[in-house]
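So the protein sequences, as listed, match chains A and B.
Just so you know, we're using my numbering here: the first sequence kicks off at 711 and counts up by one.
Just so you know, we're using my numbering here: the second sequence kicks off at 8 and counts up by one.
Even for Gly, the Cβ is constructed at its ideal location relative to N, Cα and C.
Below is one structure; the comments refer to it alone.
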Amino acid sequence: MDTVAFGRAFLGTTMAFHIAFALFGVGIPFMISLAELIGIARRDGDFTRMARQWTFAMAVLFVAGALSGTVIAVVFAVLLPPFMAIVSKVVILPFFIETFAFFIEAIFLGIYAYTWDSFKGKWTHWLTSLPIVIASCASAFLITTVNAWMAAPTGFTMKADGSITDINQWQAMWNSAVPTRTGHSIVAYYATTAFVIAAVAAWQFIRRKPSPSSRRYHEKMLAFSLAVAFLFSLAVGVTGDTSARYAAQHEPEKFAAMEDVTSTRADAPLTIGGIFDGAGRLRDTVTVPGALSILVGGTRATVITGLSAFDPSTWPPLFIHYFFDAMVAIGIFMVFVPLLFFALRGMRPTAEMGGRRRGWAYGRAMGWLTVAAGILSVIGVEAGWMLTEIGRQPYTIQGILLTKDAFTRSPAVLAYAVVFPLFYAVLAAVTLLVLVRHYRPRNVRADSDPS
Amino acid sequence: MLAYFAIGLVVISLFLYALLFMIECGATVLIASPRLSDGRDDGVYAYIGPVWETTNVFLIFALVSFIAFFPGAVPIWGSALAVPFLLFLAVTGVRVVFMLYVFYHRAASRAIRVLLAVFALAAPAVFAGAIVPFFLTGEMPYGSAAWLLAAVLAAFTLAATLLISSSFFSYLETRRRGSIETKAAGWRFVRAVLVFAIPFFGMAFAQLPYIVYPSAALTGSFANPAAARVLFAAFAAGFILVMPSLMWLFRLSIGKRRQ
Chain A
711 MDTVAFGRAF
721 LGTTMAFHIA
731 FALFGVGIPF
741 MISLAELIGI
751 ARRDGDFTRM
761 ARQWTFAMAV
771 LFVAGALSGT
781 VIAVVFAVLL
791 PPFMAIVSKV
801 VILPFFIETF
811 AFFIEAIFLG
821 IYAYTWDSFK
831 GKWTHWLTSL
841 PIVIASCASA
851 FLITTVNAWM
861 AAPTGFTMKA
871 DGSITDINQW
881 QAMWNSAVPT
891 RTGHSIVAYY
901 ATTAFVIAAV
911 AAWQFIRRKP
921 SPSSRRYHEK
931 MLAFSLAVAF
941 LFSLAVGVTG
951 DTSARYAAQH
961 EPEKFAAMED
971 VTSTRADAPL
981 TIGGIFDGAG
991 RLRDTVTVPG
1001 ALSILVGGTR
1011 ATVITGLSAF
1021 DPSTWPPLFI
1031 HYFFDAMVAI
1041 GIFMVFVPLL
1051 FFALRGMRPT
1061 AEMGGRRRGW
1071 AYGRAMGWLT
1081 VAAGILSVIG
1091 VEAGWMLTEI
1101 GRQPYTIQGI
1111 LLTKDAFTRS
1121 PAVLAYAVVF
1131 PLFYAVLAAV
1141 TLLVLVRHYR
1151 PRNVRADSDP
1161 S
Chain B
8 MLAYFAIGLV
18 VISLFLYALL
28 FMIECGATVL
38 IASPRLSDGR
48 DDGVYAYIGP
58 VWETTNVFLI
68 FALVSFIAFF
78 PGAVPIWGSA
88 LAVPFLLFLA
98 VTGVRVVFML
108 YVFYHRAASR
118 AIRVLLAVFA
128 LAAPAVFAGA
138 IVPFFLTGEM
148 PYGSAAWLLA
158 AVLAAFTLAA
168 TLLISSSFFS
178 YLETRRRGSI
188 ETKAAGWRFV
198 RAVLVFAIPF
208 FGMAFAQLPY
218 IVYPSAALTG
228 SFANPAAARV
238 LFAAFAAGFI
248 LVMPSLMWLF
258 RLSIGKRRQ
């Protein structure tokens, strides 16, 4: 394998692992804070217990996320010197601010986890969760501004000889892709975390008959997390639509590839699904006439730029169409599952059904759907990032730096780098092991602090 | 002038990282050996629990501020130190994974605790032996005379690690017991820190005006003035936010008494 392909495979694996840890690092603090708030406001001990139990997961996942984040920081410096040479001059500010957000997150995580029952005022402990929620969200926002900058590089001038002048880091940080990209990804992390928590609750109803108190607890946990999941899934849909329209305007090559638009036209159809044949053409698709033009511009007359308008050397790989479709399909499923749950839950139990209708919401079938939504939502986030990263190819920094020029020239370095995917696999396994052992039914107690 | 301030910032944050990291390394040795810990496990866990997640942030801060303030030096050390950095990261990573397991799982076997201690001690040795010599001499320690420097640095760092962490946990223990020896134990810890701090800062500042001797100098690799201003502004705001929180955390971590 050539150096660049190897480097990309390595970096891709690293990022795929990192995002899986990081998304929970953003989502769990929010869920914990919300659960503790509801617990105090409604004087409901079950919600307080949820917050308390999830704190352990937050602490463990923070460690995993911090570690994989550190690895990435070093990996970028070491594997992509030409890329870092530009980033370190133009858009290092968000990383620098992020370290402070990271400090706040780590510090208050320590405080929050070790001060249950230590304060007199009933709100004080909850207040210590807010810095974690704000800082974790800020971290995600700041890091994503750099990713947005890679798609919409501004805040500097590059001369013909490659030297960089007129640097304005603040402007680079607030580039045009920031609102859509940060908005869409962060709400997706919240939705995904809520779905995974819902899946854990649903698992209790699939696996066995819980005791009445455990049943009550997990029913509340399921309804709460699916309610949060529903709201954020709607937000994912809205921001997703905005993101796609941003792509249509500012990243036309990527948009054309992900929507499979070959030639520029008005009244462009929406292409769903399909399989690429040997010649690189998409076959067996479902097409909706004119729908793509309507989605982008509101009318069938809207002109969509096709791939043929661009030099093929700047086309992203066409298979990003799969990632896009996977993401959209999962997004729709994520709205559907909570809707179904609340419809079933709202039904009155009737005598002729043996009073079981309402029970369907907490039945096995609904449970499996929820578990599926939990797994698929994580895959959806991964697919979204694959679309972003592969969709920007052949560039690492759009129009500025080609991916083939972004990597180190040293094959030896890449050879050493191979240990890291292995290392991530171990990290993921240990994280899971620690979590699963901790949450085993006999270990779940009301007072499971990480202390 | 600003460049000197910036390098001071990087060196101080690296020092704080080293200090916290060394204390933790010692803690893992105590956890691994019941004979050494002598029933002090709970004290060790009570200190480490809230703090250890913050320790790694100091490393990230040192690294990011180094890259942010001195972008000109990145290509020099970035390519030369690729392999040592990856090695250090692998060792640190394994250490963190083991800590995750030992710390949050408590029932970890003796063998795993011992492995944790081994990796915990390997990490500072790798850092001092494989990374620091490059900055000081501009040469990799293998295949050059710098290997002697590397060996001395690694051995010194290991000794300092054991000295600092053992005196720290003795201090915590006397403090928890409310013993009259608390003050003396505190001084022992301060002296141990000084034994490490004086050569650490001495080497860092004797190095100036070079970052990587002799290829990268301080002012030549410093960020452009506009970028530096924005970074310092961000630092000032961040410092004001982080400092009080950090104080609170440490008070929580070492302030609990048994009574």
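Looking at the secondary structure, which residues open and close the alpha helix (DSSP H) in which residue 215 of chain B lies? Careful: residue 215 of chain B lies outside any alpha helix (DSSP H) and carries neither H nor E.
Residue 196 of chain B versus residue 1088 of chain A: straight-line alpha-carbon distance, rounded: For residue 196 of chain B and residue 1088 of chain A, the distance between alpha carbons rounds to 47 Å.
Residue 1105 of chain A, DSSP secondary structure in three states: Looking at residue 1105 of chain A - three-state DSSP - the assignment turns out to be strand.
Does residue 806 of chain A come within less than 8 Å of chain B when only Cβ atoms are used? Yes, residue 806 of chain A lies at the interface with chain B (some Cβ there is under 8 Å from its Cβ).
Residues that residue 223 of chain B bridges to, as DSSP identifies them: Paired residues: B:219.
Under 8 Å Cβ-Cβ, which residues of chain A neighbour residue 57 of chain B? One finds 820, 821, 823, 824 in chain A with Cβ atoms closer than 8 Å to the Cβ of residue 57 of chain B, taken in chain order.
Chain A contact residues for residue 61 of chain B, given Cβ-Cβ distances below 8 Å: Per Cβ cutoff of 8 Å: 813, 816, 817, 820.
With a threshold of 8 Å on Cβ separation, who are the neighbours of residue 1119 of chain A within its own chain once the five nearest residues in sequence on each side are excluded? So the qualifying residues of the chain are 713.
Which full runs of the alpha helix (DSSP H) of 4+ residues lie inside the region 968-1050 of chain A, going along the chain? When DSSP assignments are scanned along the region 968-1050 of chain A, the uninterrupted stretches of alpha helix (DSSP H) that are 4 or more residues long and fall wholly within it turn out to be 1001-1007.
Could you check whether residue 782 of chain A and residue 75 of chain B sit closer than 8 Å to each other, using their CB atoms as the reference points? Residue 75 of chain B places its beta carbon 8 Å or farther from that of residue 782 of chain A.
For residue 859 of chain A, the first and last residue of its enclosing alpha helix (DSSP H): From DSSP, the alpha helix (DSSP H) with residue 859 of chain A extends over 839-861.
Coil, strand or helix - residue 1154 of chain A by DSSP: Residue placement at residue 1154 of chain A is flagged as unreliable, the pLDDT there being 49, under the threshold of 50; the coordinate-derived value follows with that caveat. DSSP, read as helix, strand or coil, puts residue 1154 of chain A in coil.
Buried or exposed: residue 954 of chain A, going by 16 or more other Cβ atoms within 10 Å of its Cβ? Answer is buried; the Cβ neighbour count reaches 16.
Reduced DSSP category for residue 1112 of chain A - H, G, I as helix; E, B as strand; rest coil: In the displayed model, residue 1112 of chain A falls within a strand according to three-state DSSP.
So, is residue 959 of chain A buried or exposed, given that buried needs 16 or more other C-beta atoms within 10 angstroms? Counting of Cβ neighbours within 10 angstroms places residue 959 of chain A among the exposed residues, the total staying below 16.
I need the DSSP call for residue 760 of chain A, collapsed to helix, strand or coil. Correct three-state label for residue 760 of chain A: helix.
With DSSP run on the structure shown, which of helix, strand or coil describes residue 164 of chain B? Residue 164 of chain B: helix per DSSP, three-state reduction.
Residues of chain B with CB closer than 7 Å to the CB of residue 772 of chain A, please, in chain order. Within chain B, the C-beta atoms nearer than 7 Å to that of residue 772 of chain A come from 60, in chain order.
Quick check on the DSSP output: the alpha helix (DSSP H) that includes residue 25 of chain B runs from which residue to which? First-last of the alpha helix (DSSP H) with residue 25 of chain B: 9-39.
What residues from chain B crowd round residue 886 of chain A, counting only those whose CB sits closer than 9 Å? Result: empty, since nearest Cβ-Cβ is about 20 Å, beyond 9 Å.
Please say whether residue 838 of chain A and residue 813 of chain A have beta carbons closer to each other than 8 Å? Contact: no.
Which same chain residues, not among the five before or five after residue 929 of chain A, have their C-beta less than 7 Å away from its C-beta? Leaving aside the five residues that flank residue 929 of chain A on each side, the residues in its chain whose CB is nearer than 7 Å to its CB run, in chain order, 1072.
If you follow the alpha helix (DSSP H) that residue 731 of chain A is part of, which residue opens it and which one closes it? Where residue 731 of chain A is concerned, the enclosing alpha helix (DSSP H) stretches over 713-751.
Taking Cβ positions only, does residue 100 of chain B come closer than 8 Å to chain A? Chain A, which has a Cβ nearer than 8 Å to the Cβ of residue 100 of chain B, makes this yes.
Can you pull the chain A neighbours of residue 37 of chain B, defined as C-beta to C-beta under 7 Å? None at all; the shortest Cβ gap to chain A is about 17 Å.
Where residue 147 of chain B falls: helix, strand or coil (DSSP): Secondary structure at residue 147 of chain B: coil, using DSSP grouped into helix, strand and coil.
Give the straight-line distance between the Cα atoms of residue 1082 of chain A and residue 219 of chain B, rounded to the nearest whole angstrom. About 53 Å.
Please check the pair residue 92 of chain B and residue 228 of chain B, which I expect to be a contact at CB under 8 Å, by giving their CB distance rounded to whole angstroms. Taking a contact as a CB-CB distance under 8 Å, the pair residue 92 of chain B and residue 228 of chain B does not count as one, their CB atoms being some 18 Å apart.
Check residue 874 of chain A in the structure and name its three-state DSSP category. Residue 874 of chain A falls in the strand class under three-state DSSP.
Considering only DSSP beta bridges, list what residue 867 of chain A is partnered with. BP columns for residue 867 of chain A point to A:875.
Any idea what DSSP makes of residue 61 of chain B, helix, strand or coil? Under the three-state reduction of DSSP output, residue 61 of chain B falls in the helix class.
Please identify the residue among A:950, A:939, A:715, A:1013 whose C-alpha is closest to the C-alpha of residue 973 of chain A. Ranking A:950, A:939, A:715, A:1013 by Cα distance to residue 973 of chain A puts A:1013 first.
Neighbour list for residue 879 of chain A in chain B, Cβ cutoff strictly below 7 Å: Against chain B, the beta carbon of residue 879 of chain A has neighbours under 7 Å at 234, 237, listed in chain order.
I need the straight-line Cα distance from residue 820 of chain A to residue 1029 of chain A, nearest angstrom please. Near 44 Å, if we compare the C-alpha coordinates of residue 1029 of chain A and residue 820 of chain A.
Just the C-alpha distance for residue 874 of chain A and residue 35 of chain B, rounded to the nearest angstrom, thanks. Approximately 47 Å between the Cα atoms of the pair.
Proximity test, Cβ basis, 8 Å: residue 64 of chain B and chain A: Contact with chain A is found for residue 64 of chain B, since one of that chain's Cβ atoms lies less than 8 Å from the residue's Cβ.
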